[in-house]
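Visitor: Going down the list, the sequences are from chains A and B.
Okay, so the first sequence: first residue is 1034 according to the working numbering, each after it adds one.
Okay, so the second sequence: first residue is 314 according to the working numbering, each after it adds one.
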Amino acid sequence: MILDGLLYSPEHEWMKVEGKTARVGITHYAQEALGSVVFIELPEVGAKVEAGEALGVVESVKAASDYYCPVSGTVTAVNSQLFDAPELLNEDPYGRGWIAEVEMSEPEQMEKLLDAAGYQELLAGEDK
Amino acid sequence: MTEELKKTPLYQVHLAAGARMVPFGGWCMPLQYRDILEEHRAVRERAGLFDVSHMGEIMVRGAGAESLIQGVVTNDVQAMSDGQVIYSPMCNENGGVLDDLLVYRLEKGSYLLVVNASNKDRDLEWIIGHAAKDTVVEDISEKTALLALQGPRAADILRTLAVFEPDTMGYYRFVRGEVAGVGCLVSRTGYTGEDGFEIYLNSGDAPGVWRALLEAGEDHGLAPAGLGARDTLRLEASLPLYGHELNEKITPLEAGLGRFVKLEKGYFFGREALMRQQGKLARRLAGLTMEDRGVPRAGYQVTVNREQIGWITSGGYTPTLDKYLAMAYLSSGIMPGDRVAVIIRGKEYSAAVLSLPLYKRPPKK
Chain A
1034 MILDGLLYSP
1044 EHEWMKVEGK
1054 TARVGITHYA
1064 QEALGSVVFI
1074 ELPEVGAKVE
1084 AGEALGVVES
1094 VKAASDYYCP
1104 VSGTVTAVNS
1114 QLFDAPELLN
1124 EDPYGRGWIA
1134 EVEMSEPEQM
1144 EKLLDAAGYQ
1154 ELLAGEDK
Chain B
314 MTEELKKTPL
324 YQVHLAAGAR
334 MVPFGGWCMP
344 LQYRDILEEH
354 RAVRERAGLF
364 DVSHMGEIMV
374 RGAGAESLIQ
384 GVVTNDVQAM
394 SDGQVIYSPM
404 CNENGGVLDD
414 LLVYRLEKGS
424 YLLVVNASNK
434 DRDLEWIIGH
444 AAKDTVVEDI
454 SEKTALLALQ
464 GPRAADILRT
474 LAVFEPDTMG
484 YYRFVRGEVA
494 GVGCLVSRTG
504 YTGEDGFEIY
514 LNSGDAPGVW
524 RALLEAGEDH
534 GLAPAGLGAR
544 DTLRLEASLP
554 LYGHELNEKI
564 TPLEAGLGRF
574 VKLEKGYFFG
584 REALMRQQGK
594 LARRLAGLTM
604 EDRGVPRAGY
614 QVTVNREQIG
624 WITSGGYTPT
634 LDKYLAMAYL
644 SSGIMPGDRV
654 AVIIRGKEYS
664 AAVLSLPLYK
674 RPPKK
């Protein structure tokens, strides 16, 4: 399940951009691979991040995995609903399961990301 | 899955059901069919069906069978009657646990031992090594499959397929009879903390009985369940898992299994070491509940005032209790109610010490 109008990273994050702000989450593919999410470590508001750097850790029943920020910038908001309801990442990864918002310091980095068709192609390769 | 991993008789059935397979103890096993938490809840609320055919089964027969087993396990085998099952640790000379197992007394001079998959070869060598000429030890693991039907609806489901009435079996008793037209050994035992049955049968019969159980269980909400749910269920029930709560460096007394250690029964491997340790435990298995939100996992350090006082043996999110819980070895001075810190990725997360078990199923109404 891939939505149009979003940008995607090869690490299975999605980004929705409005002006200089990017809202970030993990894709349907990522949440399915993880299984039931039981906990997510969120970044701090105000934290500075670099493209490709881990924003935090998402924990499923069996494992803990890093999740990454596709662009550089400053964290301006986090989805605190995920504290009590980490299952939102599984149930609604593109909607209520959004993770953080980042004010981009280098918006040109978006050009390196994939569009829906590009991400679709990536997944097709991965399933082999 | 690589070719080196062993497959149970139900391997193809699991693949066809879309199970996610993982390596476990040298076997290719189903971790989950749909979702670990969903399967866990199914077992607590209705029933789940597990393929645990990877476990090892060893027959011990002959005039010397009883004394052989009595000499290697800590529990009392001599007091057993036909049709009874007991749980017991098996120790080395230092009182360290080599394995934990079930002993089934089929009749005088004939016992079935059920051991952990990962320890089977070593257990076999140990037992054969101590057997006298009047005892025959036979590994029947490969021709034996094992299904576990667990949950409050288990008896109702089994009743539709068994020639015997499941409720005639008390806890830790077994019968031999037909299930779905196939000869089985069925015991009222399990590893989930719920009522349930473990069904031993010939490998070739396993796929047919598995399917028959799923079909009979459909109206009762029976779900196939994998190792993921098996682990979360046994964590809540606070049942030990070899390699986590038990290993060769840990004694059954430290693990809280003293009621399965019958020091008065006479000589057994590890008896002297355990007698010396009685009342002098330096560490003990306890429970932990996270107070800061974080997931406690096996291997994580437990500290008080920045000093390590223990480590976590098993932990995670537990769906029935809706809490982040763990079992841990803690220095003996630490008591239930005390506050400790769990180190998760280098940071301290507060937890409270609990006594075990973490979960006890509500009494049947």
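All C-beta atoms, glycine included, are put in the ideal place defined by N, C-alpha and C.
All values reported here derive from a predicted model rather than from experimental measurement.
Contact between the region 474-488 of chain B and the region 436-446 of chain B: three or more CB pairs below 8 Å?
Guide: Cβ pair count under 8 Å is below three, so no.
Visitor: Could you please give the first and the last residue of the uninterrupted beta strand (DSSP E) stretch that includes G623/B?
Guide: As a first step, residue 623/B is located in the second sequence; it is residue number 310 there, counting from the start. Start and end: 620-631.
Visitor: Consult DSSP for R1129/A and reduce its assignment to one of helix, strand or coil.
Guide: Stepping through the first sequence from its first residue, residue 1129/A is reached at position 96. The answer is coil: DSSP assigns R1129/A none of H, G, I, E or B.
Visitor: Can a CB atom of chain B be found closer than 8 Å to the CB of G1068/A?
Guide: Position 35 of the first sequence, counting from 1, holds the residue named residue 1068/A. By this cut-off, G1068/A is an interface position.
Visitor: Taking the straight line between their C-alpha atoms, what separation do you get for S1069/A and A430/B?
Guide: Position 36 of the first sequence holds residue 1069/A. Position 117 of the second sequence holds residue 430/B. Taking the straight line joining both Cα atoms gives about 27 Å.
Visitor: Report, in whole angstroms, the separation of the C-beta atoms of S1098/A and V1104/A, which I expect to be a contact under 8 Å.
Guide: Counting from 1 along the first sequence, the entry for residue 1098/A is found at position 65. Counting from 1 along the first sequence, the entry for residue 1104/A is found at position 71. About 20 Å separates the two Cβ atoms, so there is no contact after all.
Visitor: Who are the Cβ neighbours of K433/B in its own chain at under 7 Å, not counting the five residues just before and after it?
Guide: Taking the second sequence and counting its residues from 1, one reaches residue 433/B at position 120. The residues are G369, S454.
Visitor: So which of Q325/B, E352/B, G339/B has the shortest CA-CA distance to T545/B?
Guide: For the purposes of this step, residue 545/B is taken as the residue at position 232 of the second sequence. When each option's Cα is compared against that of T545/B, the closest is E352/B.
Visitor: With a threshold of 8 Å between beta-carbons, can E1065/A be considered close to chain B, or not?
Guide: As a first step, residue 1065/A must be located in the first sequence, where it is residue number 32. It does not: the Cβ of E1065/A has no partner Cβ on chain B nearer than 8 Å.
Visitor: Use the C-beta contact count for S1126/A: other C-beta atoms within 10 angstroms, 16 or more gives buried, fewer gives exposed.
Guide: Locating residue 1126/A in the first sequence gives position 93, counting from the first residue. Residue identity check: residue 1126/A is Pro in the sequence provided, not Ser. Label assigned to P1126/A: buried.
Visitor: From the DSSP secondary-structure annotation, give me the bridge partner or partners of E1046/A.
Guide: Taking the first residue of the first sequence as position 1, residue 1046/A is located at position 13. Paired residues: I1059/A.
Visitor: Return the residue from the list D452/B, L459/B, L601/B that minimises the CA-CA distance to S366/B.
Guide: Taking the first residue of the second sequence as position 1, residue 366/B is located at position 53. When only C-alpha atoms are compared, the closest one is L459/B.
Visitor: Along the chain, where does the alpha helix (DSSP H) that runs through E379/B open and close?
Guide: Within the second sequence, the letter at position 66 stands for residue 379/B. Its alpha helix (DSSP H) spans residues 378-385.
Visitor: Alpha carbon to alpha carbon, what distance is there between T631/B and R501/B?
Guide: As a working mapping, residue 501/B is identified with position 188 in the second sequence. As a working mapping, residue 631/B is identified with position 318 in the second sequence. Looking at the two C-alpha atoms, the distance is approximately 24 Å.
Visitor: Once you ignore the five residues that flank A1084/A on each side, which residues in its own chain have a CB closer than 7 Å to its CB?
Guide: In the first sequence, the residue the question calls residue 1084/A occupies position 51. Taken in chain order, the residues that qualify are C1102, P1103, V1104, S1105, Q1142.
Visitor: Is the separation between the beta-carbon of V1111/A and that of P1076/A shorter than 8 Å?
Guide: As a working mapping, residue 1111/A is identified with position 78 in the first sequence. As a working mapping, residue 1076/A is identified with position 43 in the first sequence. Yes, the Cβ-Cβ distance between V1111/A and P1076/A is below 8 Å.
Visitor: Verify the CB distance criterion: does E1124/A have a CB-CB separation below 8 Å to chain B?
Guide: Translated into positions along the first sequence, residue 1124/A becomes position 91. No, its Cβ sits nowhere closer than 8 Å to a Cβ of chain B.
Visitor: Quick one: give me the first and last residue of the alpha helix (DSSP H) that R589/B is part of.
Guide: Within the second sequence, numbered from 1, the residue matching residue 589/B stands at position 276. Counting along the chain, the alpha helix (DSSP H) containing R589/B begins and ends at 584-590.
Visitor: For a contact meaning CB atoms closer than 8 Å, what does Q345/B contact in chain A?
Guide: In the second sequence, residue 345/B corresponds to position 32, counting from 1. Within chain A, the residues near Q345/B are G1068.
Visitor: Quick one: which residues of the region 1073-1094 of chain A get their C-beta closer than 9 Å to a C-beta of chain B? List them in chain order.
Guide: Taking 9 Å as the Cβ-Cβ cut-off against chain B, the residues of the region 1073-1094 of chain A that qualify are E1074, V1090, E1092, S1093, V1094.
Visitor: Note down the Cα distance separating L1040/A from A1157/A, rounded to an integer number of angstroms.
Guide: Translated into the one-based positions of the first sequence, residue 1040/A becomes position 7. Translated into the one-based positions of the first sequence, residue 1157/A becomes position 124. If I take the Cα positions, the gap works out to 17 Å.
Visitor: With 16 other CB atoms within 10 Å as the buried threshold, where does R589/B fall?
Guide: Counting from one through the second sequence, the residue named residue 589/B turns up at place 276. R589/B should be labelled exposed.
Visitor: With a threshold of 8 Å, are at least 3 pairs of Cβ atoms found where one atom belongs to the region 443-452 of chain B and the other to the region 377-385 of chain B?
Guide: With the cut-off at 8 Å, the region 443-452 of chain B and the region 377-385 of chain B touch.
Visitor: Could you check if Q345/B is buried or exposed, using at least 16 other CB atoms within 10 Å of its CB as the buried criterion?
Guide: In the second sequence, residue 345/B corresponds to position 32, counting from 1. Buried, by the Cβ-count rule.
Visitor: Judging by CA-CA distance, which residue of N560/B, R547/B, A468/B is the nearest neighbour of T505/B?
Guide: Within the second sequence, residue 505/B is the residue found at index 192, counting from 1. Answer by Cα proximity: R547/B.
Visitor: CA-CA distance, G1058/A and L1146/A?
Guide: The residue labelled residue 1058/A in the question sits at position 25 within the first sequence. The residue labelled residue 1146/A in the question sits at position 113 within the first sequence. One C-alpha to the other measures close to 14 Å.
Visitor: Taking its Cβ as the centre, do 16 or more other Cβ atoms sit within 10 Å of D395/B, making it buried, or is it exposed?
Guide: The residue labelled residue 395/B in the question sits at position 82 within the second sequence. Flag for D395/B reads exposed.
Visitor: What's the call for Q621/B, buried or exposed, on a 16-neighbour Cβ count within 10 Å?
Guide: Position 308 of the second sequence, counted from the start, is the residue given in the question as residue 621/B. Result: exposed.
Visitor: The beta strand (DSSP E) spanning A639/B covers which residue range?
Guide: For the purposes of this step, residue 639/B is identified with residue 326 of the second sequence, where counting begins at 1. That run of the beta strand (DSSP E) goes 636-644.
Visitor: Out of I349/B, T633/B, M648/B, point me to the one whose CA is closest to R674/B's CA.
Guide: The residue labelled residue 674/B in the question sits at position 361 within the second sequence. Minimum Cα distance to R674/B is reached at T633/B.
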